[in-house]
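Colleague:
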Amino acid sequence: MNPPSPTADEFSYLPLEFVPYPPLPPQTTPTPIQTPPTPAFALPNPNAAFPSFPIPKKRRRGRPQKTQTSFHFPQFFPPKSAQNQQQKKLVPDISEEIIVINKESTNEALIGLSAGFPADSLTDEEIDARVVTNIGGIEQVNYILIRNHIIAKWRENVNVWMTKEMFLNSVPIHCHGLLDSAYDYLVSHGYINFGVSQSIKERFPNEYTKSNVIVVGAGLAGLSAARQLMRLGFKVTVLEGRKRAGGRVYTMRMEGGAGNRVSASVDLGGSVLTGTLGNPLGILARQLGFWMHKVRDKCPLYSVGGRPVDLDMDMKVETAFNRLLDKASRLRQLMGDVSVDVSLGAALETFRQVYEDAVNKEEINLFNWHCANLEYANAGLLSKLSLAFWDQDDPYDMGGDHCFLPGGNGRLVQALAENVPILYEKTVHTIRYGSDGVQVIAGSQVFEGDMVLCTVPLGVLKSGSIKFIPELPQRKLDGIKRLGYGLLNKVAMLFPCVFWETDLDTFGHLTDDTSSRGEFFLFYSYATVAGGPILIALVAGEAAHKFESMPPTDAVTKVIQILKGIYEPQGITVPEPIQTVCTRWGSDPFTLGSYSNVAVGASGDDYDILAESVGDGRLFFAGEATNRRYPATMHGAFLSGLREAANMIHYAGTRASRMKVNRTPSKNAHTCASLLADLYREPDIEFGSFSVIFDRKNPDPKSTAILRVTFSEPRKKSQEGSRPDQRHSNKLLFQQLQSHFNQQQPLHVYTLLSKQQALELREVRGGDEMRMNYLCEKLGVKLIGRKGLGPTADSLIASIKAERGGHKTPATSLGLKSGMSKLQKVTLKRKLVRRAKIVRSSNKYVPPPNLNMVNVKVLEEIRTTNQAPREMNSTGLHTSERAISAEKPGPGRKSIFSPSLIFQPQH
504 MNPPSPTADE FSYLPLEFVP YPPLPPQTTP TPIQTPPTPA FALPNPNAAF PSFPIPKKRR
564 RGRPQKTQTS FHFPQFFPPK SAQNQQQKKL VPDISEEIIV INKESTNEAL IGLSAGFPAD
624 SLTDEEIDAR VVTNIGGIEQ VNYILIRNHI IAKWRENVNV WMTKEMFLNS VPIHCHGLLD
684 SAYDYLVSHG YINFGVSQSI KERFPNEYTK SNVIVVGAGL AGLSAARQLM RLGFKVTVLE
744 GRKRAGGRVY TMRMEGGAGN RVSASVDLGG SVLTGTLGNP LGILARQLGF WMHKVRDKCP
804 LYSVGGRPVD LDMDMKVETA FNRLLDKASR LRQLMGDVSV DVSLGAALET FRQVYEDAVN
864 KEEINLFNWH CANLEYANAG LLSKLSLAFW DQDDPYDMGG DHCFLPGGNG RLVQALAENV
924 PILYEKTVHT IRYGSDGVQV IAGSQVFEGD MVLCTVPLGV LKSGSIKFIP ELPQRKLDGI
984 KRLGYGLLNK VAMLFPCVFW ETDLDTFGHL TDDTSSRGEF FLFYSYATVA GGPILIALVA
1044 GEAAHKFESM PPTDAVTKVI QILKGIYEPQ GITVPEPIQT VCTRWGSDPF TLGSYSNVAV
1104 GASGDDYDIL AESVGDGRLF FAGEATNRRY PATMHGAFLS GLREAANMIH YAGTRASRMK
1164 VNRTPSKNAH TCASLLADLY REPDIEFGSF SVIFDRKNPD PKSTAILRVT FSEPRKKSQE
1224 GSRPDQRHSN KLLFQQLQSH FNQQQPLHVY TLLSKQQALE LREVRGGDEM RMNYLCEKLG
1284 VKLIGRKGLG PTADSLIASI KAERGGHKTP ATSLGLKSGM SKLQKVTLKR KLVRRAKIVR
1344 SSNKYVPPPN LNMVNVKVLE EIRTTNQAPR EMNSTGLHTS ERAISAEKPG PGRKSIFSPS
1404 LIFQPQH
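Using the numbering used here, the first residue of the sequence shown is number 504, and each one after it goes up by one.
Below, the structure is given as structure tokens:
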């Protein structure tokens, strides 16, 4: 029986607030966001139905947003006619059919959307993980159906540990490979089986035997990463500068009163769980059995004197304000790249001045209130927000209500910190990273590990209070500088009783001073969730910065005056507060602000740049300012920790494989040596004395590439132009080299790195010497001989050879044709050697990089059996691999060669 076509009414009960998105493109030219982007892959079903769902635009945290756009969702099931045609096939090919797991695939796709997955395409991370063999085919559709099904089933009961075996009966046998791929990806990247439930706690090992990881910061990002790594057996140490965990999430217990004592809990930092439909913090609350209070839509506004603002006027100005935002969106499209250097505030002010004569004073005050509300949502001045990209995260907004957690978000922090080894009052000031590991220095203590995760806020990175050795790449430093980092402050007041309305959670107050429009502009009532009568007054925008230096007594006096102006005309007495707290997030040395935004000149790409790891998988970064899709949110910080845990696990596994390779000599060393020589005749990238080959079919920038560095005799002219000490040093060095090598043969050394690292190396300015320094100091890699590359490189070499030569399998490219006789093989080998000799006699050298930067010595030549033909580079010169070891580096110098690896000579 065919499932009925879904209609919009069937999903009217779902609080849908999300849109699909394709893989993230680099942000160079601003694009419109009012209509969802076209899916990257259209499902093979031309007659699919497309129900429409209302989707709000960018959230306005203080008040609900009423304007909506439409979202078209593709149906996965083929029409009945198409199914009948498939039934008529005598021999159906089940591998080319869209599978049917159940009749709820549309609902499951919506749940997948809320978790951050597109409806009909893969995320960039899934593509990088190569979850399917072909992008855009039936296999991808089936993978998406299985992926969404797994997520939906786990969301039904987040307290269980979901196993792969639970889906063996529901997923067709021929798709069990896709089941393995989807399940492994979702578990390793923290989309399922995460959190604080008992079933997950039971998965923590008794002993932690894997890599030693240091986490700097015990906020949501650091705690989520630490728990994920610990569950998988990593030894984790968390260093926290404060006396508490949570970072910018801080729940404080307030109490007081003489005879009738009252107490309540209040969130002085992150307070609102935004979009709980897919919010992972909402999942934690479910696992802990916490109920969540929906922030109610009612939000009355009061004028300067305390009089309620007319509802019709309120609606009129709000509609006009949203129209101006729409005009600003169209303006940036017309401006193109120029809009990158224009602020949102400048655009809004230009439009506002056009209508200034047509509005009265109170309408202007209402307009300023909405500006303050927008500055609150972005933690930044409108004059500093990018017109082009201020709302770049809108398409990824999670669906669902905005909620308060009764008792405060500190309850989540407490659960996440349970059994995590946290060392408090450890203020980190230096992080060293290199090929041998990391050192994190806090005060006079030095903590050593294999990897380090830095989760400090963007404000701390901007201040430079943590010194990175070596210095962070310029690309990351520029991204840190470009991104904006704003401020939000609060005044929390505990009263002896509730004197305000109990049927609302928010109300606003207008001011007639534009420069102070964000001063106590919005109030949050915590009475229903805090356990006592608490009000919070928010301070945003420019007023938040002035508030940092305002005496607390003056601040509380102003707030009380506002409250009296609102409630005393209604005959309600406003009592004096029992206890008050004023935040100073901008002055806090561990935050230096509140949360990030896209400033003028920045873009969403800068969030990705901040998220990039450094030092060949030694130094990692997490936090809300590293999450392009969910910046400035608590769940964004939490998810970034899970993301980096997956990255650290990947790098740890890669290093473990390399160590195994280094201990195991390659069986195909000679065969692959000859293939390698052939491949380097046409390298994929070539610059200076460096050349790189990689698998062109693999789009993953983190995929492995092989780098070759060529050392050859320097030209006499270059020696004459160098300093005397350099000429003397080079002369001695080359005398050592010449005593063991043919003078006309360059020396090749190799290393494995990622394609992305190779591209970064190519961009280094200053010649080969600076590139070599970057390779060793920044990337922390060591140069080794061909044989030291091991089976991993052999497999990659065979794969590249097969791809370039059009072979079907890598095995066909290993060695000579199997049908050749021994005599034929010997004859062909002699021809290759004879041809190489002729070519060598007609060529000269290529000048090398400056060899004075490293000290190397040549060991005695070690002759081996079963030697492969000598390698030829792109200029036709013979190459030889000789035994080289690292000389002890002098003071302040570092050897680029691994002392544990020896280059075997070949003739």
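Glycine included, each C-beta is placed from N, C-alpha and C at the ideal position.
Because the structure is a prediction, the values reported are computed rather than measured.
Taking C-beta to C-beta, are Asp1203 and Asp683 nearer than 7 Å?
Modeller: For the purposes of this step, residue 1203 is taken as the residue at position 700 of the sequence shown. For the purposes of this step, residue 683 is taken as the residue at position 180 of the sequence shown. At least 7 Å separates the beta-carbon of Asp1203 from that of Asp683.
Colleague: Starting from the Cα of Lys864, find the closest Cα among Trp893, Val812, Asn881 and Glu607 and give me that residue.
Modeller: Working through the sequence shown from its first residue, we reach residue 864 at position 361. Nearest C-alpha to Lys864: Val812.
Colleague: Compute the Euclidean distance between the alpha carbons of Leu877 and Leu851, then round it to the nearest angstrom.
Modeller: As a first step, residue 877 is located in the sequence shown; it is residue number 374 there, counting from the start. As a first step, residue 851 is located in the sequence shown; it is residue number 348 there, counting from the start. If you take the alpha carbons of Leu877 and Leu851, they lie about 12 Å apart.
Colleague: Which value, in whole angstroms, describes the spacing of the CA atoms of Asn637 and Ala1301?
Modeller: On the sequence shown, position 134 is the one that residue 637 refers to. On the sequence shown, position 798 is the one that residue 1301 refers to. Approximately 21 Å between the Cα atoms of the pair.
Colleague: Using the C-alpha atoms, what's the distance from Leu1299 back to Arg1199?
Modeller: Indexing the sequence shown from 1 puts residue 1199 at position 696. Indexing the sequence shown from 1 puts residue 1299 at position 796. Roughly 11 Å between the two C-alpha positions.
Colleague: If we count the other Cβ atoms within 10 Å of its Cβ and call it buried at 16 or more, is Lys970 buried or exposed?
Modeller: Taking the first residue of the sequence shown as position 1, residue 970 is located at position 467. Label assigned to Lys970: exposed.
Colleague: For the beta strand (DSSP E) containing Leu1210, list its first residue and its last residue.
Modeller: Counting from one through the sequence shown, the residue named residue 1210 turns up at place 707. Leu1210 -> beta strand (DSSP E) spans Thr1207 to Phe1214.
Colleague: Going straight from the alpha carbon of Asp894 to that of Val1042, what length do you get?
Modeller: Indexing the sequence shown from 1 puts residue 894 at position 391. Indexing the sequence shown from 1 puts residue 1042 at position 539. Whole-angstrom Cα-Cα distance: 21 Å.
Colleague: Helix, strand or coil, according to DSSP, for Val845 in the structure here?
Modeller: Position 342 of the sequence shown holds residue 845. Looking at Val845 - three-state DSSP - the assignment turns out to be coil, as it is neither helix nor strand.
Colleague: Just checking my contact of Ile614 with Arg650 at CB under 8 Å: how many whole Å lie between their CB atoms?
Modeller: As a working note, residue 614 is residue 111 in the sequence shown. As a working note, residue 650 is residue 147 in the sequence shown. At roughly 11 Å, the Cβ-Cβ gap does not stay under 8 Å, so Ile614 and Arg650 are not in contact.
Colleague: Taking the continuous alpha helix (DSSP H) assigned at Leu682, which residues delimit it?
Modeller: Here residue 682 refers to the residue found at position 179 when the sequence shown is read from its first residue. Residues His679 to Ser691.
Colleague: Comparing alpha-carbon positions, which option in Glu1189, Phe1214 and Gln643 lies nearest Ala1208?
Modeller: Against the sequence shown, residue 1208 aligns to sequence position 705. Its Cα nearest to that of Ala1208, the residue Glu1189 stands out among Glu1189, Phe1214 and Gln643.
Colleague: Look at the alpha carbon of Ser1383 and the alpha carbon of Phe1214, and state the distance between them as a whole number of angstroms.
Modeller: The count along the sequence shown starts at 1 and reaches residue 1383 at position 880. The count along the sequence shown starts at 1 and reaches residue 1214 at position 711. Confidence at Ser1383 is low in this model, with a pLDDT of 35, below 50, so its placement is unreliable and the value that follows should be read with caution. Rounded to whole angstroms, Ser1383 to Phe1214 spans 11 Å at the Cα level.
Colleague: Would the beta-carbon of Ala767 fall within 7 Å of that of Gly1034?
Modeller: For this step, residue 767 is matched to residue 264 along the sequence shown. For this step, residue 1034 is matched to residue 531 along the sequence shown. Closer than 7 Å, so yes.
Colleague: Pop quiz: Gly698 and Gln790 are said to be a contact at Cβ under 8 Å. What is the actual Cβ separation, rounded to whole angstroms?
Modeller: The sequence position of residue 698 within the sequence shown is 195, counting from 1. The sequence position of residue 790 within the sequence shown is 287, counting from 1. Indeed they touch by this definition, with Cβ atoms about 5 Å apart.
Colleague: Identify whether Ser1097 lies in helix, strand or coil by the three-state DSSP scheme.
Modeller: Your numbering for residue 1097 matches position 594 in the sequence shown. DSSP places Ser1097 in coil when its eight states are reduced to three.
Colleague: Run the CB neighbour count on Val1252, radius 10 Å, all protein chains shown included, and call it buried at 16 or more, exposed below.
Modeller: Taking the sequence shown and counting its residues from 1, one reaches residue 1252 at position 749. It is buried - the Cβ of Val1252 has at least 16 other Cβ atoms within 10 Å.
Colleague: On the CB-based measure, 16 or more other CB atoms within 10 Å of its CB, does Asn922 come out buried or exposed?
Modeller: The residue labelled residue 922 in the question sits at position 419 within the sequence shown. Exposed, since its Cβ has fewer than 16 Cβ neighbours within 10 Å.
Colleague: Helix, strand or coil: how does DSSP classify Thr1056 here?
Modeller: As a position in the sequence shown, residue 1056 is number 553, starting the count at 1. It is helical.
Colleague: Kindly indicate the opening and closing residues of the beta strand (DSSP E) around Gln948.
Modeller: Position 445 of the sequence shown, counting from 1, holds the residue named residue 948. Gln948 to Gly952 is the extent of the beta strand (DSSP E) around Gln948.
Colleague: Ends of the beta strand (DSSP E) at Tyr879?
Modeller: For the purposes of this step, residue 879 is taken as the residue at position 376 of the sequence shown. Counting along the chain, Tyr879 falls outside any beta strand (DSSP E), though it belongs to the alpha helix (DSSP H) covering Lys864 to Asn881.
Colleague: With a cut-off of 8 Å, do at least 3 Cβ pairs link the stretch 983-992 to the stretch 1092-1107?
Modeller: yes
Colleague: Could you round the C-beta distance between Val719 and Val959 to whole angstroms and report it? I think they count as a contact, below 8 Å.
Modeller: Reading the sequence shown from its first residue, position 216 is the one you call residue 719. Reading the sequence shown from its first residue, position 456 is the one you call residue 959. About 6 Å separates the two Cβ atoms, so the contact holds.
Colleague: Taking Cβ positions, are Ile448 and Gly952 nearer each other than 7 Å?
Modeller: It is not possible to answer for residue 448, since the shown part of the chain is limited to 504 through 1410.
Colleague: Are the CB atoms of Gln1082 and Met755 nearer to each other than 7 Å?
Modeller: Taking the sequence shown and counting its residues from 1, one reaches residue 1082 at position 579. Taking the sequence shown and counting its residues from 1, one reaches residue 755 at position 252. Cβ atoms of Gln1082 and Met755: not closer than 7 Å.
Colleague: Considering only the beta carbon of each residue, do Arg1132 and Asp840 sit closer than 7 Å?
Modeller: Mapped onto the sequence shown, residue 1132 falls at position 629. Mapped onto the sequence shown, residue 840 falls at position 337. Contact: no.
Colleague: Going by the beta-carbon positions, is the gap between Val1182 and Ile1196 smaller than 7 Å?
Modeller: Counting from one through the sequence shown, the residue named residue 1182 turns up at place 679. Counting from one through the sequence shown, the residue named residue 1196 turns up at place 693. Sequence inspection shows Leu at residue 1182; the Val mentioned does not correspond to that position. It is a contact, given that the beta carbons lie within the stated cut-off.
Colleague: What residue does the beta strand (DSSP E) around Asp981 start on, and which one ends it?
Modeller: By one-based count along the sequence shown, residue 981 stands at place 478. Note, Asp981: premise wrong, no beta strand (DSSP E); alpha helix (DSSP H) at Gln977 to Arg985.
Colleague: Among the residues of its own chain, which have a CB less than 6 Å from the CB of Lys591, if the five just before and after it don't count?
Modeller: Within the sequence shown, residue 591 is the residue found at index 88, counting from 1. For Lys591, the predicted model reports a pLDDT of 44, less than 50, meaning its position is unreliable; a value from the coordinates is still stated below. Once the five neighbours on either side are set aside, Lys591 has no close Cβ partner at all.
Colleague: If you reduce the DSSP assignment to three classes, tell me which class Ser1028 lands in.
Modeller: In the sequence shown, the residue the question calls residue 1028 occupies position 525. Reduced to three states, the DSSP call for Ser1028 is strand.
Colleague: From Ala1125 to Gln643, what distance separates their C-alpha atoms?
Modeller: Translated into the one-based positions of the sequence shown, residue 1125 becomes position 622. Translated into the one-based positions of the sequence shown, residue 643 becomes position 140. Cα-Cα distance, rounded: 30 Å.
Colleague: Strictly by DSSP, which residues pair up with Gln942?
Modeller: Your numbering for residue 942 matches position 439 in the sequence shown. Arg935 and Glu951, per the DSSP bridge assignment.
Colleague: Would you report the Cα separation of His932 and Arg764, rounded to the nearest angstrom?
Modeller: Working through the sequence shown from its first residue, we reach residue 932 at position 429. Working through the sequence shown from its first residue, we reach residue 764 at position 261. The straight-line gap separating the alpha-carbon atoms of His932 and Arg764 is approximately 43 Å.
Colleague: What does DSSP give as the partner residue(s) for Arg1199 in the beta ladder?
Modeller: Along the sequence shown, read from residue 1 onward, the residue named residue 1199 stands at position 696. In the DSSP output, where bridge partners are listed per residue, Arg1199 has none listed.
Colleague: Can you list, in chain order, the residues of its chain whose CB lies under 7 Å from that of Leu648, leaving out five sequence neighbours each side?
Modeller: Here residue 648 is taken as the residue at index 145 of the sequence shown, counted from 1. The residues are Phe579, Ile602, Ile604 and Ser608.
Colleague: Do Leu956 and Glu1127 have their beta-carbon atoms positioned less than 7 Å apart in this structure?
Modeller: For the purposes of this step, residue 1127 is taken as residue 624 along the sequence shown, with counting starting at 1. For the purposes of this step, residue 956 is taken as residue 453 along the sequence shown, with counting starting at 1. Cβ distance not < 7 Å, so Glu1127 and Leu956 don't count as in contact.
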